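Worksheet: one structure, shown below.
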Amino acid sequence: MSLEQSVEALRYLGLFSSLDASSIMSTAVHALHPEDRVAAARLLMREKSISGVPIVDADFRLVGLVSVSKIIEALADGRLADPVDSVMTRDVISLHAHDSFETILSCFQRFKFGRFPVVEDDGRLVGMITDTDVLSAIIRSFYSVYIHDQRRAVTLGSFSALSKEFESSADFVYDIRCRGLENAGEGSAQLKAFLQNKGFGEPIVRRASVCAYEAEINVCIHAGGHGSLRAIARNGEIILRVEDEGPGIENIDLAMKEGWSTATDAIRELGFGAGMGLPNIRRFSDHLVIISGKDKPTKVEMIFLEGKE
Amino acid sequence: MKLTEVLEITGAMCIVGEQLASIEVNYAFASDLMSDVLAMSRPDTLLITGLTTPQIIRTAQMLDLPAILVARGKDVPQDVVDLARTTGIVLLSTHDIMYVASGKLYARGLSG
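Chains as they are written, first to last, in the numbering used here: chain P, 1 to 309; chain Y, 310 to 421.
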């Protein structure tokens, strides 16, 4: 997958859409003034294990940057006692606090620097972003993605590869429109008939139907009854995708625990909301990807392989 | 165990199920939590429940359960009866509470 494709996949999944420069950057920034000596920059880099020092004026506006290579040059020339003003880079590539994650990624890709200063609109320095900061942000974001699969790379790969196929050529499409739990299960019942018609065996149809039903119930209980159930079923493989428009799962780790639920007592009286929905889906699917987050849509993709029982 | 025996043992009446005589179940599962029922994916099972919502039929349908025994003689709403009929699921009703109905069937050899 090329970088462009990866960025496109990220945009589709909406994984990092909430990340901007201000949420990724480190705010504990060590900066110097133009009149400080080169020796001070060298000391700061050594003490703090950093490879570049931003230079700011009295109002903390970014005016330059001193990198390791500039220090090495100054050492060779015996200019450690000179002000940093005389060695710093003046046309610094910086990011804005509200720059998107994609902009940040392409900046790292284009300029090959290890760090970028982050400034406000008025030019004031507010933070620094290193490649480590980007990596940490990605890891934090993945906290909202639950992947039940040893072969997570394979599943994630097929997830993003399939997204377009679901839009253009799903074999089965059902719009979930429920009030309460009244007609919850109708989509799963139609799906079951569809899969039986396709000639899939009883065990795989049962597993897929149970998971579709649990997911459909979840849409009815938690997402206002609006969503979609789609399937691609061919070559001994059933891929189900259930999507809704939110409000999303705040903590997927908790939601995967048996017995944990946010459902109301009214729902419990109807026989659901006992915290078994997602655990059941995990139990009966061969691959499972859930993408969600607080105030976000939820996407649940399940893959069932014939003969895996 | 034949469903005709289930009728006899629990004094149940048949609400939906012309096909009843030919059906046998090997296990039973008693619960009001449909997700617990769904967690147990075994087709030749009698579902014993105190609920009378459409979801008992849908749950049975997804799992290929042939029959449901409603406990405590509750009235089953017409839409649930209709759904049982269209999905081909036998619907029985006993005046026994869930515990007693389960005990009687277990004692006569229907295991969990």
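From the three backbone atoms N, C-alpha and C, an ideal C-beta is built for every residue, glycine too.
Computed from a predicted model, the values in this text were never measured in an experiment.
- Query: Do residue 396/Y and residue 321/Y have their C-beta atoms closer together than 8 Å?
  - Reply: Not closer than 8 Å, so no.
- Verify whether the separation of the beta carbon atoms of residue 83/P and residue 65/P is less than 8 Å. The criterion of a C-beta distance shorter than 8 Å is not satisfied by residue 83/P and residue 65/P.
- Message: Taking its Cβ as the centre, do 16 or more other Cβ atoms sit within 10 Å of residue 109/P, making it buried, or is it exposed?
- Response: With fewer than 16 other Cβ atoms within 10 Å, it is exposed.
- Endpoints, beta strand (DSSP E) assigned at residue 52/P: Run containing residue 52/P: 52-56, per the beta strand (DSSP E) assignment.
- When you compare only the Cα positions, how much space is there between residue 372/Y and residue 206/P? CA-CA distance, residue 372/Y to residue 206/P, rounds to 6 Å.
- With C-beta atoms as the reference, is residue 198/P less than 8 Å away from residue 209/P? Contact: no.
- Query: Is the CB-CB distance between residue 217/P and residue 184/P below 8 Å?
  - Reply: Against a cut-off of 8 Å, the Cβ pair of residue 184/P and residue 217/P comes out as a contact.
- Other residues of its chain near residue 410/Y: CB distance less than 7 Å, five sequence neighbours each side excluded: Excluding residues within five positions, the ones whose Cβ falls inside 7 Å are 319, 357, 378, 380 and 403.
- Query: Grouping DSSP H, G and I as helix and E and B as strand, with all else coil, what is residue 323/Y?
  - Reply: If DSSP states are grouped into helix, strand and coil, residue 323/Y belongs with the strands.
- Query: Using the beta-carbon count (16 or more within 10 Å), is residue 292/P buried or exposed?
  - Reply: In summary, residue 292/P is buried, with 16 or more beta-carbon neighbours lying within 10 Å of its beta-carbon over all protein chains present.
- Using a Cβ-Cβ cut-off of less than 7 Å, give me the residues of the stretch 258-280 of chain P that come near chain Y, in sequence order. Residues of the stretch 258-280 of chain P whose Cβ lies closer than 7 Å to any Cβ of chain Y, in chain order: 270, 271, 272, 274, 276, 277 and 280.
- Task: Indicate whether the contact test is met: 3 or more Cβ pairs, each with one atom in the stretch 223-233 of chain P and one in the stretch 250-263 of chain P, closer than 8 Å.
- Result: At 8 Å Cβ cutoff, the stretches do not touch.
- Task: Give the residues of chain Y in contact with residue 214/P, contact being defined as C-beta atoms less than 8 Å apart.
- Result: Per Cβ cutoff of 8 Å: 344 and 347.
- Query: Going along chain Y, which residues have a C-beta under 9 Å from residue 181/P?
  - Reply: Ordered by position in chain Y, the residues that pass the 9 Å Cβ test against residue 181/P are 362, 363 and 364.
- the stretch 299-307 of chain P touching the stretch 310-318 of chain Y, judged by at least three CB pairs closer than 8 Å: Segment contact: the stretch 299-307 of chain P against the stretch 310-318 of chain Y, fewer than three CB-CB distances shorter than 8 Å; contact not assigned.
- Message: As a quick exercise: from 263/P, 38/P and 127/P, pick the residue whose alpha carbon is nearest that of residue 275/P.
- Response: Checking every option, the nearest Cα to that of residue 275/P belongs to 263/P.
- Query: If we cut at 8 Å on Cβ distances, does residue 201/P have a partner in chain Y?
  - Reply: At a cut-off of 8 Å between beta-carbon atoms, residue 201/P makes no contact with chain Y.
- Within the 8 Å Cβ cut-off, does residue 248/P reach chain Y? It does not: the Cβ of residue 248/P has no partner Cβ on chain Y nearer than 8 Å.
- Message: So residue 188/P contacts chain Y; which residues on that side make the cut at Cβ distance below 8 Å?
- Response: By Cβ distance, chain Y contributes 367 and 371.
- Pick from 406/Y, 421/Y, 348/Y and 364/Y: whose alpha carbon is nearest that of residue 281/P? Considering only alpha carbons, the answer is 348/Y.
- Query: Under a CB-based cut-off of 8 Å, is residue 391/Y close to chain P?
  - Reply: No, no contact with chain P.
- Item | Sequence-distant residues of its chain with Cβ nearer than 7 Å to residue 196/P (five each side left out) | A distance below 7 Å between beta-carbons, with the five flanking residues on each side excluded, links residue 196/P to the following residues of its chain, in chain order: 205.
- Query: Does residue 192/P come within less than 8 Å of chain Y when only Cβ atoms are used?
  - Reply: The beta carbon of residue 192/P falls within 8 Å of a beta carbon belonging to chain Y, placing the residue at that interface.
- Message: Between residue 341/Y and chain P, is the shortest Cβ-Cβ distance under 8 Å, so that the two count as touching?
- Response: Nearest CB-CB separation between residue 341/Y and chain P: below the 8 Å threshold.
- Message: Taking contact to mean 3 or more Cβ pairs, one atom from each stretch, closer than 8 Å, check whether the stretch 117-131 of chain P and the stretch 68-82 of chain P are in contact.
- Response: Touching, no.
- Message: At the 8 Å Cβ level, is residue 301/P part of the contact set with chain Y, yes or no?
- Response: At least 8 Å separates the CB of residue 301/P from every CB of chain Y.
- For the beta strand (DSSP E) holding residue 301/P, just list the boundary residues, first then last. Looking at the DSSP string, the run of the beta strand (DSSP E) that includes residue 301/P is 299-305.
- residue 113/P and residue 95/P look like a contact to me (Cβ under 8 Å); what is the Cβ gap, rounded to whole Å? Incorrect: roughly 11 Å between the Cβ atoms, too far for contact.
- Okay, do the stretch 18-25 of chain P and the stretch 38-54 of chain P touch, 3+ Cβ pairs below 8 Å being the bar? Result no; under three Cβ-Cβ pairs closer than 8 Å.
- Specify, as a first and last residue, the run of the alpha helix (DSSP H) that residue 214/P falls within. Under the DSSP assignment, residue 214/P falls in the alpha helix (DSSP H) whose first and last residues are 202-222.
- Message: Threshold first: 3 residues or longer. Then list the beta strand (DSSP E) segments lying entirely within the stretch 348-384 of chain Y, N to C.
- Response: Fully enclosed beta strand (DSSP E) runs of 3 or longer: 354-358 and 376-379.
- Query: Taking residue 200/P as the reference, which of 56/P, 34/P, 232/P and 220/P has the closest Cα?
  - Reply: Nearest option by C-alpha distance: 232/P.
- Measure the C-alpha to C-alpha separation of residue 31/P and residue 245/P and round it to an integer number of angstroms. So the two alpha carbons sit approximately 44 Å from each other.
- Contact list for residue 209/P against chain Y, beta-carbon separation under 7 Å: Result: 371.
- According to DSSP, is residue 272/P helix, strand or coil? The answer is coil: DSSP assigns residue 272/P none of H, G, I, E or B.
- Task: Return yes when the Cβ of residue 221/P is within less than 8 Å of the Cβ of residue 267/P, no when it is not.
- Result: Note that the C-beta distance between residue 267/P and residue 221/P is below 8 Å.
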